[in-house]
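Working notes, structure below.
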Amino acid sequence: MQFKKPEMEKQLKHSHPILQKLVKDVDKYCRENFLKEIMVTAVARTREDSIRLYSKEINPKTNKPYFPPDVPISVHEVRPCRGLDIRSFDFTSNQRIAIKYYVNSHYLYNPEKVEKRCCLYHKTGDSSFHFHLQVSDKTLNSPLTSPSKR
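Position 36 of the sequence shown, counted from 1, bears residue number 790 in this note's numbering, the numbering being contiguous throughout.
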């Protein structure tokens, strides 16, 4: 596993334990299946960072740009941090699909919020497309396809 900036490794060590487990599993999956390490490009974020990022986005509730009070709290800004981003352009289109499928078929974000996923492939603001990994306190390994059973 590589980090875009050295401080991100320390941020990951202080992040939610389930997020640490998930990102290590994703890195192992990518090394074993694609012979590639992942590159972590973002971990912890401040509230100001989130506002700056989302100010370039359209609020789906209003169809207008977000105003600072309307910017949702990000899993990147909570403590312990529950979200991180991984560079995606290191992977082919098929590999990106496989990574997203792997994570979302092996991890359940929250049994009470089944519409939420642990892996998104998206872009925000001026950023490029990337993988966004996120967990909650209730994130589970899928009982049928747990990584410990492979």
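Note that CB positions come from ideal geometry on N, CA and C, so glycine has one too. This one's a predicted model, so the numbers in the text were calculated from it and none came from an experiment.
Around the beta carbon of His860, 16 or more other beta carbons sit within 10 angstroms, so the residue counts as buried.
With contact defined as three or more Cβ pairs closer than 8 Å, the segment 881 to 895 and the segment 838 to 855 are in contact. In the DSSP secondary-structure assignment, Asn813 is bridged to Lys818.
Counting only runs that start and end inside the segment 819 to 885, the alpha helix (DSSP H) elements of at least 4 residues fall at 847 to 860. In this structure, the beta-carbon distance from Ile792 to Val780 falls below 8 Å.
Looking at the backbone, the Cα of Gly837 and that of Lys775 are separated by about 12 Å. Met755 sits in coil when the DSSP states are folded into three classes, being neither helix nor strand. In the three-state reduction of the DSSP assignment, Val794 falls in the strand class. The criterion of a C-beta distance shorter than 8 Å is satisfied by Glu831 and Arg801. Residue Ile805 holds the alpha-carbon nearest to the alpha-carbon of Asp824 among Ile805, Lys758 and Thr893. Between Cys872 and Thr893, the CB-CB gap stays under 8 Å.
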